[in-house]
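For the sequence shown, the numbering used here gives the first residue as 97, with consecutive numbering after it.
Beta carbons are placed, not taken as given, at the ideal position from N, Cα and C, and that holds for glycine.
Note that the coordinates shown come from a computational prediction; the quantities given were computed from them, not determined experimentally.
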Amino acid sequence: YLDIVWDTYYQAYNTTMPVDVWNIHAFILREVYNSWGASTPPGVDPSCGIAYPFDESDNMTIFRDNLIAFRQWMKDKGEQNKPLIISEYGILWPSWFVYDGTSYSAARVSHFMTQTFDLLLYETYPDVGYPADDYRLVQAWAWYSLSDTYYNGNLFNPNTHQLTLMGQTFADYVAALSETPYTDLAAHLWLDAEPLATIPPTATHDGLTVTLATAGSVANLGKQPAEALVSAPLLGYDEVLSIPARYEGDVGYLSLPSLVITRAGVYDLSLVADPHQAIPDPRRWNNGVTITLDVRPDLVISTTGWSIRPPGVLSGALAITLTAVNEGAWPTPPVSGSILLSNAVGSLLLASQSFPVPGIGVGAAVTLVEELILPDPAGALYQLALELDSGHVLDELDEGNNRATIQVDARPDLLIADLQWSARAPTTADGALTVTLTVANQGAWHTCPVSGVIDLSNTAGTLLLPAQRFPIPALDAGTQTILTQTSVLPTTGEDFYRLGLMVDSDQVVEEQDEGNNQMQVVIPMVVTTTLSTHTVGVLTSTSSNLAFEFPAGAVTATTEIRFTPLWVPDLPRGGWLPVAAFRLAAYRNGQPISLTFDPPITVTWQYTTADIAQLNEERLGLARWTGSGGWKTESCATEQRWPEQNRLRTCIQLLGDYAFGQQSQLYLPIVLKGNGA
């Protein structure tokens, strides 16, 4: 987990993580993913965890090995010369909790505590320890806890203010330590950076002054008083202070000068006690503290866009729009940017073109519009490289976000935007198909005149007529044209034709998307008949697979009946397996009407063995689509079946969408998990 953190920081900032002091917790806790205990860190294989048993929370071998392992990791990362602090450790299991006959009594916890003190104070490890502390593993540690009675290990009772057994053990151990006096200076530094966060976006880099208040202190954690030089070089502060021993006087709070910032930069504000190491001090790692303040601008290209301007046959100007934002902490002066235009493989097409970038305040943004004249011939795929501060005048937080690359697709893009058709079904003679299509150019460049083709095939894909070519005029970007083509519908005895269309069929134009140049549609052959009040009517599909008989009296006024075969792959399933489908509609005076046939009309379906492959012929029937209710099976008292002739006859009374087929069934396996009985 720490490797991931360490490596990610380096990848992000191209430098190692700036750590002053490493801090860890040193509890021995159960490491099982998504379970009680400490779980496992994010981003790693959960199997990396160690499921420490309950009774090993005070195992000194584990405690020692974990510290050595962490110190080894620090050494591997070049961090051996950094202090290691245990900011929290102890035994968390309450004394009343008993598991498998084991518990953590006050005596047991006290013993563990003193063992850890011995290890941390006296054991040294020259290979991995901290050199400035005689190679000890840990430089400071905090026992958990002082007064938290919820867990174990509290040194005193916060209610009675009485020491616990652990507290008395702690006091006895400390009292027995050597009384050799020493000086241990500890510096602290504060900086109020809030004024940087309130620089108005309108502020310019010229004449801007920001004053930051500072404060510091130097404490003595040892028992030997000292006269020490305290220095803050950036503030011009150098004072010799009398620093009393621990508990013998107040902490020396310092009245430090303010940090006045008048220009961008990185400021290292340090406060160091005894910078020349004139005083013996066993723990020099806490003698100094540094606050690093990055007060640099940071130009970022936040958004980009482009357009061909003006659109049209004579267009050749590329308008580039970019938004430059200052995400840093200081305003920028005016700088320059650059634009490079390359082809799709990276070859430079135009010399670098510079453009001015005005000064930008903190958190402010400016939108810039620049224009390039595209090389001739244009209408191609380009790579556009943009850079802010291309002369590298600024010292910035991040130079990498000054650049952006845009793919400029200045090609045309022909597509079939709309298709309308009308057909006259062939009977004894050929029929006719009229196709009206809208061809649009939705690309960024004009097209030259090209050709298109239209072809007609049956549903099996067999071409019925030779491909018919048609001209498409030149189209400017964003324009369209409407074309009408008429084709002959040959007599084939089928209910459907497949119409294929392609624009720029010779692939003359290099386009943004060749896939939208084609379209295929299935065209149903609509058959109509006109019924009179007292006459019998018959309607037969083009394929003759469906026949309708309308008895006398089926309508009360002259009515046009319109039969449309429905393409089965496009039908909703809804619990029905359709094989042949149709729509029946009625019209009077050219307007659709609702109609109930009384008496019912007869529908005869002539099918083939291939049509009903894998279906149960005895369960074939007719269903009507009811919308949200799905397919509803039709019942007919006069229904007849002739399996040997592959024929089914039934009756209907309503208009609508129907499908011959079979009710579908879904079988789900049920897996039973037994108990071994």
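Inset, instruction - Select from 609, 551, 497 and 140 the residue whose C-alpha is nearest the C-alpha of residue 421. - result: The shortest C-alpha separation from residue 421 is found at 497.
Legend entry - Contact belief for residue 417 with residue 463 at Cβ below 8 Å, rounded distance in angstroms: Taking a contact as a CB-CB distance under 8 Å, the pair residue 417 and residue 463 counts as one, their CB atoms being some 7 Å apart.
Legend entry - For residue 428 and residue 507, the rounded distance between their alpha carbons: 38 Å
Inset, instruction - Note down the Cα distance separating residue 401 from residue 518, rounded to an integer number of angstroms. - result: 43 Å
Legend entry - Unbroken beta strand (DSSP E) run spanning residue 837, endpoints: Residue 837 cannot be examined here, being either before or after the span of the chain that is shown, 97 to 773.
Legend entry - Residues sharing a beta bridge with residue 466, DSSP: 416
Legend entry - For residue 590, the three-state DSSP class (helix, strand or coil): coil
Inset, instruction - Identify whether residue 106 lies in helix, strand or coil by the three-state DSSP scheme. - result: In the structure shown, residue 106 sits in a helix (DSSP, three-state: H, G or I).
Legend entry - Between the CA atoms of residue 164 and residue 171 - distance to the nearest angstrom: One C-alpha to the other measures close to 10 Å.
Legend entry - Inter-stretch contact at 8 Å, needing at least 3 Cβ pairs: the segment 740 to 756 / the segment 710 to 724: yes
Legend entry - Extent of the continuous beta strand (DSSP E) to which residue 334 belongs: 333 to 339
Inset, instruction - Only counting runs of 4 or more residues, tell me where the alpha helix (DSSP H) segments fall wholly within the segment 273 to 304, in order along the chain. - result: Taking only runs of at least 4 residues, the alpha helix (DSSP H) segments lying wholly in the segment 273 to 304 are 290 to 293.
Legend entry - Validate contact between the segment 590 to 599 and the segment 620 to 639 using beta carbons, cut 8 Å, 3 pairs: yes
Legend entry - Unbroken alpha helix (DSSP H) run spanning residue 162, endpoints: 156 to 172
Legend entry - Proximal residues to residue 176 (C-beta, below 6 Å), its chain only, five neighbours per side dropped: 170
Legend entry - Assumed close pair residue 553, residue 596 - CB separation to whole angstroms, cut-off 8 Å: 7 Å
Inset, instruction - Look at residue 341 and residue 318 and say whether their C-beta atoms are less than 8 Å apart. - result: yes
Legend entry - Span of the beta strand (DSSP E), counted from its first residue to its last, around residue 505: 499 to 505
Inset, instruction - Take residue 284 and list the residues in its own chain whose beta-carbon comes closer than 8 Å to its own, dropping the five residues that flank it on each side. - result: 312, 313, 314, 315, 367 and 385
Legend entry - Selected residue, minimal CA-CA separation from residue 503, among 527, 477 and 643: 477
Inset, instruction - Report all residues from its chain with a CB closer than 6 Å to the CB of residue 509; omit the five preceding and five following residues, and keep chain order. - result: 538, 539, 607, 608 and 609
Inset, instruction - Would you kindly check if the distance between the Cβ of residue 484 and the Cβ of residue 397 is under 8 Å? - result: Yes.
Inset, instruction - Could you please give the first and the last residue of the uninterrupted beta strand (DSSP E) stretch that includes residue 315? - result: From DSSP, the beta strand (DSSP E) with residue 315 extends over 310 to 316.
Inset, instruction - Verify whether the separation of the beta carbon atoms of residue 544 and residue 599 is less than 8 Å. - result: no
Inset, instruction - Taking residue 643 as the reference, give the member of 200, 233 and 703 with the closest Cα. - result: 703
Legend entry - Whole runs of the beta strand (DSSP E) within the segment 189 to 272, excluding any shorter than 3 residues: With a minimum length of 3 residues, the continuous beta strand (DSSP E) runs that stay inside the segment 189 to 272 are 236 to 240.
Inset, instruction - Kindly identify the DSSP beta-bridge partner or partners of residue 515. - result: 533
Inset, instruction - Starting from the C-beta of residue 409, find all residues in its chain whose C-beta is less than 6 Å away, skip the five residues before and the five after it, and write them out in chain order. - result: For residue 409, the predicted structure reports a pLDDT of 48, less than 50, and the residue's modelled location is therefore unreliable. The matter cannot be settled from this model.
Legend entry - Nearest neighbour of residue 662, chosen from 438, 652 and 678 [CA to CA]: 678
Legend entry - Residues near residue 382 in its chain [Cβ-Cβ closer than 6 Å; skip 5 each side]: Only residues of its own chain outside the window of five on either side were considered, and among them 282 have a CB closer than 6 Å to the CB of residue 382, listed in chain order.
Inset, instruction - Kindly indicate which residue of 760, 262, 627 and 308 has the alpha-carbon position closest to the one of residue 672. - result: 760
Inset, instruction - Give the DSSP bridge partners of residue 481, in chain order. - result: 436 and 501
Legend entry - Validate contact between the segment 133 to 140 and the segment 183 to 195 using beta carbons, cut 8 Å, 3 pairs: no
Inset, instruction - Could you tell me the distance, in whole angstroms, from the CA atom of residue 245 to the CA atom of residue 253? - result: 7 Å
Inset, instruction - Return the chain-ordered ranges of every beta strand (DSSP E) run that is complete within the segment 672 to 719 and spans a minimum of 3 residues. - result: 672 to 684, 687 to 689 and 692 to 702
Legend entry - Per DSSP, the bridge partner or partners of residue 544: Its beta-bridge partners do not exist; DSSP assigns none.
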